[in-house]
Every structure is written in C-alpha cells, then in structure tokens.
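Novice:
Residue numbers (full-length UniProt numbering): 1 to 366.
Have a look at this one:
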C-alpha cells in the first residue's frame, strides 16, 4: 500500500514539475505571427491567411492552441483536422492546434473567402500552452495588426441592363484623343503628321531638339457622376428593399465608375448614406480619373451603409440648384417616386444627361 502511495506521490511531483517547467519556460523563444496574402480585394474573392509559429529553444511544445476572434463574413473554404471554428451571427472563434518540436518553425495556411464587402480588423490573438498530459496551462495575448478591406464586387458591362450599358458606352466614347478643339492650351506633345505648323512650340522644340506642338484638350467630355441611393424604404409602393438589393446597386455603381475610368475617363461619386467610422453626411467624391482615384472610391464604398443621411429628393434638389450644365449622371436606385422623376427631368432640362439604373432582387428592372 505504501508503495502505491509513493508511486502516486512521485507521479504528482513529476506532473507538477513539468507543469512548472512549461509555465516558466514555455513562452521563451516562442514567436507567432499572422498575415494575409492580400490586404485589398473584392467581395467573392479569396485570400490566404498564414500562421507562422517558431520555437527557438531546446524544449519542445507538445500542445499549443492559438485562438482568434474573426469577423463572420470571412468564410474558411476548408476545415482541417487541427483547427476548430465556432460561428456566430457576427463573429467566429477560430482555433489552431500545434505541436512544435524544438528549434522548429511551422507555417500553416488557410484559404478564406470574403463573402461581403467591408473593413475587417484582426488585431489580437490568444496563445495557450499545454503540458505533456494535455492540460491547458499558461496563456498569453498578442497583437497582430491585420486589416482586410473588401471592395464591392465588380460586374462585367454585359451584366448591365441594356439602357444603362448603352449609356455608359456612349459616355466612355465621348472623349476624343485626336480632336483637340479646346481654345486653351493644356501642354505640349510630339508633332504628328497633319499638324499645322502654327501649332509648333518653337521654344520647347529648341530646348529638346524635338519638334513639339501645343496640346489642346477635346471639347467633348466623358465625365460621369454616379449617384447611389441609400434609401431602403419605398413609401410610395409601401415596400422595404432588402440589403441584398443595396449590395447589388452598389456593385453596379462601382462597376460603372470603374468602366469609365479604365477607358481613360473621369468619374465622381455621390452617396446619400453613411460611412462607418466617418461623420454623418453626404459623401461626394470629385470627378477625377486614374487608378489611384478609383482605389479611393472603392475604399470609401467598403464602408458604405444603407442608412439615409439625406433623402434622395433633397439631394436631387441640391443638384438642380447648383445649375450645372453638361454633366452625365448615372442614378443607381431601387425605386423612384413622382417628385424625384420631376427633379430628374429638371436636371435634363438644364443640359445634363441622366440615366436611371434600377437594382431589384434577382436582377435589374426598369
């Protein structure tokens, strides 16, 4: 009987010794990091999340768990045997299990599908060490500083309704790189066959040793201003628009701006909803061109929320009062009432073009 007691006592002492050993020395020489293969992508695309853990000491780590709270909109494509995922409505708990020998680095990759647009931060994790018996022991929290910005999904032009597709094609083709009929000089360019000698910039030509001529812009304008309506309640039809319809409308709006800018044109954007993390108010992006401007538009769209900051009728009234001429407007909305139709007519009568694009569930309607 005494022998059994001594054996039990010895096992208890050994257990406590190894537990103290792991608690005091387990985190020494241990490092963990997380990274994404891309930080900006579109909804529906996938990204790889890499977990790197390194044990730079002689003592192996038989059992280690890394837990992270991730947004529920990030969907893991495959569930592996050494990971566990518990999903909620908005968040999910992701846990990875590791067994790390001494002086070893392990890299584990997970493919994630970004199902919804938005800005997502993964800023912390918890590492828990287990002993040789498998009982959890000491835990430590760390910061990862990872952020994903998911842009709206982009559509091909052929997915647009016919009227909107023709309108975008006409706007994109308005600019002429050949017809330089503006009275003001905007710069210089190399001489082309057929240029008049009166266009030659003799001073610049003498300095460069190359025949250069004055450059003028085209009088034809292919600027586009996209207006996205954030209203989800159609009081005229007594119906509520589903959030999926707003996402569809946003996808059309982003695709229209991208189509015009990619063709060398310029695009502006007006949104009468709110943006997460920004002051309430109408978002108005100036009419500009270039990839950097398109990226800034997409980044702003990632934080759009369909909560009305200013009614569409009031927004259209402001545009009418500005008395602009020669603007091309694409109004993307789920519905429009009689007052808004009248304001659209007034915009057209002022010398602007206005095309309506109705986004409805299951497709697009007029």
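Beta carbons are placed, not taken as given, at the ideal position from N, Cα and C, and that holds for glycine. Only a predicted model underlies this, so the values are computations on that prediction, with no experimental measurement involved.
DSSP on residue 263, reduced to helix/strand/coil?
Specialist: Coil, per DSSP.
Novice: DSSP beta-bridge partners for residue 314?
Specialist: Beta-bridge pairing links residue 314 to no other residue.
Novice: So what does DSSP say about residue 246, is it helix, strand or coil?
Specialist: Helix at residue 246.
Novice: In whole angstroms, what is the alpha-carbon distance linking residue 55 and residue 26?
Specialist: Rounded to whole angstroms, residue 55 to residue 26 spans 9 Å at the Cα level.
Novice: Could you name the residues of the same chain whose beta carbon sits closer than 8 Å to that of residue 154, not counting the 5 residues immediately before and after it, in chain order?
Specialist: Excluding sequence neighbours, residue 154 sits near 42, 251, 254, 255, 258.
Novice: Look up residue 414 in the DSSP assignment and say whether it is helix, strand or coil.
Specialist: Any answer about residue 414 is impossible in this case: the structure gives the chain only from 1 up to 366.
Novice: Are residue 273 and residue 324 closer than 8 Å when you measure CB to CB?
Specialist: No, the pair does not count as a contact, with Cβ atoms beyond the cut-off.
Novice: Please state whether DSSP places residue 380 in a helix, a strand or coil.
Specialist: Residue numbering for the chain in the displayed model covers 1 to 366; residue 380 lies beyond these limits and cannot be assessed.
Novice: In whole angstroms, what is the alpha-carbon distance linking residue 108 and residue 126?
Specialist: Taking the straight line from one Cα to the other gives about 17 Å.
Novice: Assuming residue 261 contacts residue 225 (C-beta within less than 8 Å), just tell me the rounded distance between them.
Specialist: That belief does not hold up - the Cβ atoms of residue 261 and residue 225 are roughly 13 Å apart, past 8 Å.
Novice: With 16 other CB atoms within 10 Å as the buried threshold, where does residue 58 fall?
Specialist: Classification of residue 58: exposed, given that the 10 Å Cβ count is below 16.
Novice: Using only CA atoms, which one of 198, 89, 212 lies nearest to residue 204?
Specialist: When each option's Cα is compared against that of residue 204, the closest is 212.
Novice: Tell me whether residue 5 sits in a helix, a strand or coil according to DSSP, three-state version.
Specialist: Helix at residue 5.
Novice: Can you tell me whether residue 68 is buried or exposed? The criterion is at least 16 other CB atoms within 10 Å of its CB, across all chains shown.
Specialist: Residue 68 should be labelled buried.
Novice: In the structure shown, what three-state DSSP assignment does residue 207 receive?
Specialist: Residue 207 falls in the helix class under three-state DSSP.
Novice: Could you check how far apart the C-beta atoms of residue 335 and residue 234 are, in whole angstroms? I think they sit under 8 Å.
Specialist: With a Cβ gap of about 4 Å, residue 335 and residue 234 count as contacting.
Novice: Using the beta-carbon count (16 or more within 10 Å), is residue 333 buried or exposed?
Specialist: Buried is the call here.
Novice: I'd like the list of long-range same chain contacts for residue 282, defined as Cβ closer than 8 Å, with 5 residues on each side in sequence excluded.
Specialist: Excluding positions up to five away in sequence, the list reads 270, 271, 272, 309, 310, 315.
Novice: Is the distance from the Cβ of residue 164 to the Cβ of residue 327 below 8 Å?
Specialist: No, the pair does not count as a contact, with Cβ atoms beyond the cut-off.
Novice: Go ahead and pull the three-state DSSP assignment for residue 166.
Specialist: Of the three classes helix, strand and coil, the one that applies to residue 166 here is helix, per DSSP.
Novice: What does the Cβ neighbour count give for residue 53, buried or exposed, with the cut at 16 atoms within 10 Å?
Specialist: With 16 or more Cβ atoms within 10 Å of its Cβ, residue 53 is classed as buried.
Novice: Given residue 297, which residues of its chain have a CB within under 8 Å of its CB, disregarding the five upstream and five downstream residues?
Specialist: These residues qualify, in order along the chain: 254, 257, 267, 269, 285.
Novice: According to the Cβ coordinates, are residue 232 and residue 249 closer than 8 Å?
Specialist: Cβ distance not < 8 Å, so residue 232 and residue 249 don't count as in contact.
Novice: My guess is that residue 302 and residue 119 are in contact by the Cβ rule of under 8 Å, so how many angstroms apart are they, rounded?
Specialist: Going by Cβ atoms, the distance from residue 302 to residue 119 rounds to 5 Å, so yes, they are a contact pair.
Novice: Could you check which residue in 241, 300, 265 has the C-alpha nearest to that of residue 279?
Specialist: Closest option to residue 279, Cα to Cα, is 300.
Novice: Taking residue 73 and residue 116 to be in contact with their CB atoms under 8 Å, please state how far apart those CB atoms are, rounded to whole angstroms.
Specialist: With a Cβ gap of about 4 Å, residue 73 and residue 116 count as contacting.
Novice: So what does DSSP say about residue 90, is it helix, strand or coil?
Specialist: DSSP places residue 90 in coil when its eight states are reduced to three.
Novice: Counting along the chain, where does the beta strand (DSSP E) carrying residue 111 start and finish?
Specialist: Here the beta strand (DSSP E) through residue 111 covers 104 to 114.
Novice: At the level of alpha carbons, what is the spacing between residue 351 and residue 110?
Specialist: Between residue 351 and residue 110, the C-alpha separation is close to 54 Å.
Novice: Could you check the C-alpha separation between residue 244 and residue 291 for me, to the nearest Å?
Specialist: Using only the alpha carbons, I get a separation of about 28 Å.
Novice: Excluding five sequence neighbours on each side, which residues of the same chain lie with their C-beta closer than 7 Å to the C-beta of residue 304?
Specialist: The residues are 250, 271, 273, 275.
Novice: If I follow the unbroken beta strand (DSSP E) through residue 223, where does it start and stop?
Specialist: From DSSP, the beta strand (DSSP E) with residue 223 extends over 223 to 228.
Novice: Going straight from the alpha carbon of residue 347 to that of residue 312, what length do you get?
Specialist: Distance between the alpha carbons of residue 347 and residue 312 is about 14 Å.
Novice: Would residue 246 be called buried (16 or more neighbouring beta carbons within 10 Å of its own) or exposed?
Specialist: Flag for residue 246 reads buried.
Novice: Going by Cα to Cα distance, which pick from 339, 330, 344, 349 is closest to residue 160?
Specialist: Measuring from the Cα of residue 160, the nearest candidate turns out to be 330.
Novice: Identify which residue in 167, 187, 39, 123 has its Cα closest to the Cα of residue 151.
Specialist: Comparing Cα positions, the closest option is 39.
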